[in-house]
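**Student:** As given, the protein sequences belong to chains Z and A, one line each in that order. For what it's worth, the working numbering labels the leading residue of the first sequence as 1, then goes sequentially. For what it's worth, the working numbering labels the leading residue of the second sequence as 128, then goes sequentially. Beta carbons are placed, not taken as given, at the ideal position from N, Cα and C, and that holds for glycine. Because the structure is a prediction, the values reported are computed rather than measured.
2 protein chains.
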Amino acid sequence: MKWSFDHDRPIYTQIIEQMKLFIASGEYRAGEKLPAVREMAQEAGVNPNTMQRAFSELENAGLVFANRTSGRFITEDINMVEKLKEELASEAVRSFLDSMKRIGYDKAKTIELIEKSIEERGDDKDE
Amino acid sequence: MKWSFDHDRPIYTQIIEQMKLFIASGEYRAGEKLPAVREMAQEAGVNPNTMQRAFSELENAGLVFANRTSGRFITEDINMVEKLKEELASEAVRSFLDSMKRIGYDKAKTIELIEKSIEERGDDKDE
DNA sequence: ATTATTGTATTAACTACTTAATACAATAAT
DNA sequence: ATTATTGTATTAAGTAGTTAATACAATAAT
C-alpha cells in the first residue's frame with residue numbers, strides 16, 4: 001500500500017510528493033539505497049518513464065542522487081532532510097489555515113475543530 | 128482576484144472547489160443569481176466550455192440550478208449549504224492531520240505547531 | 001573480457017483537458 | 001412577433017501526461 005494516486009493530478013507530481021513524505025518521515029533514511037527505477041515503477045503500477053521523470057526532479061531538488069550504475073540514493077545531507085520536514089509541515093499548516101479561513105471558520109473555531117477531531121481520533125492504533 | 132488556478136490540476140475541478148468555498152462561506156448566498164456562463168468564463172480567463180463543465184457538475188451535486196433563460200442560481204436549500212460547509216471543514220481537518228502524520232509529527236507536535244502558527248498570524252488584518 | 005544491472009534517451013501512440021468557433025434551444029424583454 | 005440573453009451542444013484543433021517499445025551508456029559483478 002506504499003503508493004496511491006488520484007486521477008486528477010499528474011502521477012509524476014504525486015510520486016514526488018510521496019517520496020518527499022517518505023524522506024521527511026524517515027521511512028527512507030538519509031543515504032539509503034533505492035530500488036531500481038524499473039522496479040519502483042512496477043511496484044507503483046506506472047510506466048518506468050513516469051517514475052524516471054519524478055526522480056529526475058527529485059535530483060534537481062538535491063533530495064536524491066544517482067550513480068550510474070550502482071543505483072540511486074537518498075541524499076546524505078541530514079540537514080536537508082530536516083529542512084524538508086519543516087517545510088512540508090509549514091506548508092501543511094499554512095494551507096490548512098487558509099482553507100479553514102476560506103470556508104468561513106475563524107481562528108477559535110478552527111482550533112476547536114482540530115482539538116475535537118484529535119480527541120475523537122485518540123483511540124487510533126498509531127499515535 | 129476572485130479566481131486563481133494552478134497548473135497541475137484540471138481547471139474545471141478547481142472551479143468546482145472554489146465555487147464550493149464561495150457557497151460554504153456565504154460569499155455567494157443561498158438563492159443568489161450567478162452571472163452568465165460566458166461572463167464568469169471571461170472573469171476567470173477560461174473558455175466558456177470549461178466554465179460550463181464545472182457548473183454542470185455543481186448542478187449534479189444539487190448546489191446550483193439553472194433556469195433557461197433566466198440564468199443560474201445557488202441552491203435555496205440552506206441546510207445543504209450548511210452541510211457543505213461542515214463537510215469541507217471536516218475534510219480539511221482530516222487531510223491536514225493525515226499530512227502531519229505522514230510527515231512524521233505526532234498529535235502533540237501538530238497542536239503545538241498550529242497554535243504557534245495562529246499566534247504568529249495574530250496581527251493579520253482579517254480574523 | 002563478458003555479462004548483467006542500472007540510469008538515461010527517443011519515438012510513437014493514446015487519452016484527457018482546454019480552447020475555439022459555431023450553432024441550437026428556450027424564454028424574458030421589447 | 002421580434003430580439004436579446006441565457007443555457008446547452010457539437011466539432012475540430014492544440015497541449016500535456018502517460019504508456020509502450022526500444023535502444024544506448026556506464027559500470028559492478030562474473
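Can you give the Cα-Cα distance for Arg156(A) and Met207(A), rounded to whole angstroms?
**Tutor:** Arg156(A) and Met207(A): Cα-Cα distance of roughly 12 Å.
**Student:** Under three-state DSSP, which class holds Arg95(A)?
**Tutor:** With chain A covering 128 to 254 only, the question about residue 95(A) has no answer from this structure.
**Student:** Which term fits Lys160(A), buried or exposed, when burial requires 16 or more other beta carbons within 10 angstroms of its beta carbon?
**Tutor:** Under this definition Lys160(A) is an exposed residue.
**Student:** What number of angstroms, rounded off, separates the C-alpha of Glu142(Z) from the C-alpha of Arg195(A)?
**Tutor:** With chain Z covering only 1 through 127, there is no way to say anything about residue 142(Z).
**Student:** How about Val208(A): is its C-beta nearer than 7 Å to some C-beta of chain Z?
**Tutor:** It does not; no Cβ of chain Z falls within 7 Å.
**Student:** Considering only residues of the same chain and omitting the five flanking positions on each side of Arg53(Z), which have a CB-CB separation below 8 Å?
**Tutor:** Cβ within range, chain order: Tyr12.
**Student:** Quickly, what does DSSP pair Lys160(A) with across the bridge? List them, please.
**Tutor:** DSSP, once it has assigned bridges, lists Phe200(A) as partnering Lys160(A).
**Student:** Return the residue from the list Lys83(Z), Ile114(Z), Lys85(Z) that minimises the CA-CA distance to Leu97(Z).
**Tutor:** Considering only alpha carbons, the answer is Ile114(Z).
**Student:** Measure from the alpha carbon of Ile103(Z) to the alpha carbon of each residue in Arg229(A), Lys212(A), Lys243(A), Thr237(A), then state which is nearest.
**Tutor:** Out of Arg229(A), Lys212(A), Lys243(A), Thr237(A), Lys212(A) has the C-alpha closest to the C-alpha of Ile103(Z).
**Student:** Anything in chain A within Cβ reach of Val46(Z), meaning under 8 Å, just list it in chain order.
**Tutor:** Neighbours of Val46(Z) on chain A: none; closest Cβ ~16 Å, over 8 Å.
**Student:** Is the shortest distance between the beta-carbon of Pro162(A) and the beta-carbons of chain Z less than 7 Å?
**Tutor:** It does not; no Cβ of chain Z falls within 7 Å.
**Student:** Does the beta-carbon distance from Ala41(Z) to Met51(Z) come in below 7 Å?
**Tutor:** Yes, they are a contact pair.
**Student:** Enumerate in chain order the residues of its own chain whose CB-to-CB distance from Lys252(A) is below 8 Å, with the five nearest sequence positions on each side excluded.
**Tutor:** With a pLDDT of 47 at Lys252(A), under the threshold of 50, the modelled position of that residue is not reliable, and the figure given next carries that caveat. The answer is none, since no qualifying residue turns up.
**Student:** Measure the Cβ-Cβ separation of Leu58(Z) and Met19(Z) and say whether it is below 7 Å.
**Tutor:** Yes, the pair counts as a contact, with Cβ atoms nearer than the cut-off.
**Student:** List, from N- to C-terminal side, the alpha helix (DSSP H) runs of 4 residues or more that fit wholly inside the stretch 76–105 of chain Z.
**Tutor:** Here the runs fully enclosed are 78–103.
**Student:** If I'm right that Ile23(Z) touches Ile78(Z) with Cβ under 8 Å, what's the distance once you round it to whole angstroms?
**Tutor:** About 11 Å; that fails the 8 Å criterion.
**Student:** Within its chain, find whatever has a CB closer than 6 Å to the CB of Glu171(A); leave out the 5 residues flanking it on each side and keep chain order.
**Tutor:** Inspection of the sequence shows that residue 171(A) is occupied by Ala rather than by Glu. The residues are Trp130.
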